[in-house]
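To start, the structure under review is shown below, and the notes come after it.
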Amino acid sequence: MSKSITFKIQPGGSLQGAARVPGDKSMSHRSIMLGSLADGVTHVKGFLEAEDALATLQAFRDMGVTIEGPTNGEVTIHGVGKHGLQAPKNPLYLGNSGTSMRLLSGLLAGQAFDCVLTGDKSLSGRPMKRVTDPLAAMGADIKTTEKGTAPLHITGRAGQLNGIDYVMPMASAQVKSCLLLAGMYAQGVTTVTEPAPTRDHTERMLSGFNYPVKQDASTVSITAEGKLTASDIDVPSDISSAAFFLVGASIAPGSDLTLHHVGINPTRTGVIDILRLMGANIEVLNERVVGGEPVADLHVVYSPLKGIDIPEELVPLAIDEFPVLFVAAACAEGQTRLSGAEELRVKESDRIQVMADGLKILGVKAEPTPDGMVIQGGTIGGGTVVSHGDHRIAMAFSIAGLRASAPITVLDCLNVNTSFPEFKDLVKNLGLDLTCYEEHIETV
Ligand SMILES: O=C(O)C1=C[C@@H](OP(=O)(O)O)[C@@H](O)[C@H](O)C1
Ligand SMILES: C=C(OP(=O)(O)O)C(=O)O
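full-length UniProt numbering puts the first residue of the sequence shown at 1, with every later residue one more than the last.
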């Protein structure tokens, strides 16, 4: 038996009140990784209790790390030190999580044991050569399928990795982080240069654990000369989860919403910049720094949006927010054009094609291009769309219901649990008329 989840959304409504969305997914992954490799005990608050981050947590338990929790977002990690991981008895199953697989491939390349990384159907179709090629140049031994996908068979090359100077062909925080983690086990200096700024949580958290990392403009360097000292971590709310509500309140007349304690690291705030360029009314309040990461409360009030050409430099800073930004564009007056976003085609689904298909079903003029989309704003109708098992597509089409003229049914929503299990309850409490149907399907 397998489970299938369908969301049915009645049209209209507005988002009102205040909420704290769950913890940042990127930081939750990294808190487990660095906490496990640290000397001492790390306490994490605000940990994201969703499938992706839990897959990372389970992987480290499988490698012998004692981890207590999560209980109400609190996790206690009994660090085993940089060289203390043990060989897992079985392949490490990483579910739907690209971050887990790509970061772990780097971290495990230089260990004293072999292991296999596997994932679900979506993760098993995502490109891994982007990490295994530069890792091979460092001396790693990782086998992929012929297509360059998982499962990854890693032969541990303890003491045999060498630092490289790598200029990334794409703006990817996962590739950058993978190489930095491998660099912690390599001889000499590992240097990564990015073509555009991407999220820097790995660099910040390494510094928070007292591990030396050198940053100079678009280049980050690391060596094996260092150790991680346990450090308490307070994970703020995930701006990528907050984005659904920022867009929802911006498009639904009558909305007035405050989102508390949201991470506003400048490498993540592209969604605020893009929405403001479109005319959104978003205030950033009570800015503060918590555990080396900037945090604020976000106040958003409905405001009519207009179409824009999205500046390409904002793309990596809003990379996970495009599904819901496409919904904002569909509600805006005039045309919105996105380019330079070909990375969207290799996420949990092809987010350009899947969003264009769904928007067309809802009567929106949306034309996919190889690296983006052109959307003519106007009205959103009703219909049945498919999320293709992609959490962000499921949540984006749910938010579209706020401005739809007829009910929207979103099929295949189980994967919302990978990043935001509380989404359906929270969005309902704030004003969206969403009903969740669960079906059990016979599998052969
Ligand atoms: O490093 C991270 O935590 C992430 C980086 C991004 O992926 P890419 O590096 O593939 O852009 C993003 O899409 C993903 O959700 C999380
Ligand atoms: C792309 C995403 O995550 P990952 O790459 O970790 O699967 C996401 O959460 O939108």
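No residue lacks a Cβ here, since even glycine has one placed at the ideal position from N, Cα and C.
What you are looking at is a predicted structure, and each value in this text was computed from that prediction instead of being measured.
Selected residue, minimal CA-CA separation from residue i, among the options
{"i": "Gly163", "options": "Pro169, Gly156 and Gly188", "result": "Gly188"}
{"i": "Ala341", "options": "Met170, Asp256, Asp232 and Ile393", "result": "Met170"}
{"i": "Ala112", "options": "Lys147, Leu414 and Ala182", "result": "Ala182"}
{"i": "Leu434", "options": "Phe423, Ile441 and Glu442", "result": "Phe423"}
{"i": "Glu333", "options": "Gly159, Ile310, Val175 and Ile375", "result": "Ile375"}
{"i": "Pro336", "options": "Ile361, Gly382 and Leu277", "result": "Position check: residue 336 holds Thr in this sequence, whereas Pro was assumed. The residue with the shortest Cα to Cα distance from Thr336 is Leu277."}
{"i": "Ala18", "options": "Glu439, Asn429 and Tyr437", "result": "Asn429"}
{"i": "Ser419", "options": "Asp114, Ala243, Gly431 and Leu92", "result": "Ala243"}
{"i": "Gln160", "options": "Lys3, Leu54, Asp141 and Ala217", "result": "Asp141"}
{"i": "Ser349", "options": "Tyr185, Ser97, Gly79 and Met33", "result": "Ser97"}
{"i": "Leu34", "options": "Ile308, Gln353 and Phe209", "result": "Phe209"}
{"i": "Ala330", "options": "Val247, Asp412 and Val386", "result": "Val247"}
{"i": "Ser122", "options": "Asn415, His440 and Glu442", "result": "Asn415"}
{"i": "Arg268", "options": "Arg288, Ala252, Glu287 and Ile239", "result": "Ile239"}
{"i": "Leu94", "options": "Leu152, Glu293 and Glu225", "result": "Leu152"}
{"i": "Glu146", "options": "Arg157, Lys129 and Ser398", "result": "Lys129"}
{"i": "Glu74", "options": "Lys45, Val354 and Thr149", "result": "Lys45"}
{"i": "Met184", "options": "Lys82, Gly119, Ile67 and His391", "result": "Lys82"}
{"i": "Gly292", "options": "Ile282, Glu439 and Pro266", "result": "Pro266"}
{"i": "Val60", "options": "Gly84, Ser177 and Gln353", "result": "According to the sequence provided, residue 60 is Phe. The question's Val does not apply to it. With distances taken between Cα atoms, Phe60 lies closest to Gly84."}
{"i": "Pro253", "options": "Glu439, Arg403 and Ala87", "result": "Arg403"}
{"i": "Leu37", "options": "Asp24, Met168, Val21 and Gln86", "result": "Gln86"}
{"i": "Met373", "options": "Lys360, Leu362, Ile361 and Ala356", "result": "Ala356"}
{"i": "Pro368", "options": "Ser339, Leu362, Leu103 and Arg288", "result": "Ser339"}
{"i": "Gly378", "options": "Gly307, Asp232, Asn72 and Ile319", "result": "Gly307"}
{"i": "Phe245", "options": "Pro195, Ser398 and Arg288", "result": "Ser398"}
{"i": "Met168", "options": "Val116, Ile67, Thr149 and Pro195", "result": "Pro195"}
{"i": "Leu104", "options": "Ala150, Arg288 and Leu257", "result": "Ala150"}
Contact under 7 Å by Cβ, residue i with residue j
{"i": "Ile380", "j": "Ile9", "result": "no"}
{"i": "Pro127", "j": "Val364", "result": "no"}
{"i": "Ser405", "j": "Ser255", "result": "no"}
{"i": "Thr76", "j": "His29", "result": "no"}
{"i": "Gly40", "j": "Ala230", "result": "yes"}
{"i": "Ala396", "j": "Pro323", "result": "yes"}
{"i": "Leu314", "j": "Asp273", "result": "yes"}
{"i": "Ala400", "j": "Val410", "result": "no"}
{"i": "Gly270", "j": "Leu317", "result": "yes"}
{"i": "Ala412", "j": "Val385", "result": "Looking at the sequence provided, one finds Asp at residue 412 rather than Ala. For Asp412 and Val385, no; Cβs fall outside 7 Å."}
{"i": "Val21", "j": "Ser177", "result": "no"}
{"i": "Gly110", "j": "Ala53", "result": "no"}
{"i": "Gln58", "j": "Gly431", "result": "no"}
{"i": "Asn286", "j": "Glu51", "result": "no"}
Spatial neighbours of residue i in its chain, beta-carbon cut-off 8 Å, leaving aside the 5 residues before and after
{"i": "Lys89", "result": "Asp62"}
{"i": "Val213", "result": "Leu180, Glu203, Leu206, Ser207, Val220, Ser221 and Ile222"}
{"i": "residue 446", "result": "Residue 446 falls outside the range modelled here, since the chain spans only 1 to 444, and no answer is possible."}
Cutoff 7 Å; reference residue i; Cβ partners in own chain excluding five residues on either side
{"i": "Ala173", "result": "Thr198 and Arg199"}
{"i": "Ser250", "result": "Leu275, Ala280, Val300, Tyr302, Ser303, Leu305 and Ala328"}
{"i": "Val290", "result": "Asp234 and Pro236"}
{"i": "residue 449", "result": "Residue 449 cannot be examined here, being either before or after the span of the chain that is shown, 1 to 444."}
{"i": "His388", "result": "Ser349, Val354 and Asp412"}
{"i": "Asp120", "result": "Gly95 and Asn96"}
{"i": "Ala186", "result": "Gly110, Met138, Leu161, Asn162, Gly163 and Ala224"}
Neighbourhood of residue i by C-beta distance below 6 Å, restricted to the same chain and skipping five residues each side
{"i": "Thr155", "result": "Asp114 and Asp141"}
{"i": "Thr132", "result": "Ile142 and Thr144"}
{"i": "Thr56", "result": "His29, Ile32 and Ser100"}
{"i": "Gly437", "result": "Before going further, note that residue 437 is Tyr rather than Gly in the sequence given. Contacts found: Thr6."}
{"i": "Val80", "result": "Val65"}
{"i": "Glu49", "result": "Pro70"}
{"i": "Ile441", "result": "Ser2 and Ser4"}
{"i": "Gly382", "result": "Ala404, Ala406, Pro407 and Ile408"}
{"i": "Tyr211", "result": "Gly226 and Leu228"}
{"i": "Met27", "result": "His201 and Val235"}
{"i": "Glu283", "result": "His299"}
{"i": "Leu107", "result": "Leu181"}
{"i": "His391", "result": "Asn415, Val416, Thr418 and Ser419"}
{"i": "Arg102", "result": "Val131, Gln174 and Cys178"}
{"i": "Glu439", "result": "Ser4"}
{"i": "Leu362", "result": "Ile380, Gly381 and Gly383"}
Touch test, the stretch 255-262 against the stretch 280-297, Cβ-Cβ under 8 Å, three pairs minimum: Segments in contact, yes.
Which residues neighbour ligand 1 when neighbourhood means a C-beta less than 5 Å away from any of its non-hydrogen atoms? List them by chain order. Ser26, Thr99, Ser172, Ala173, Gln174, Ile319 and Asp320
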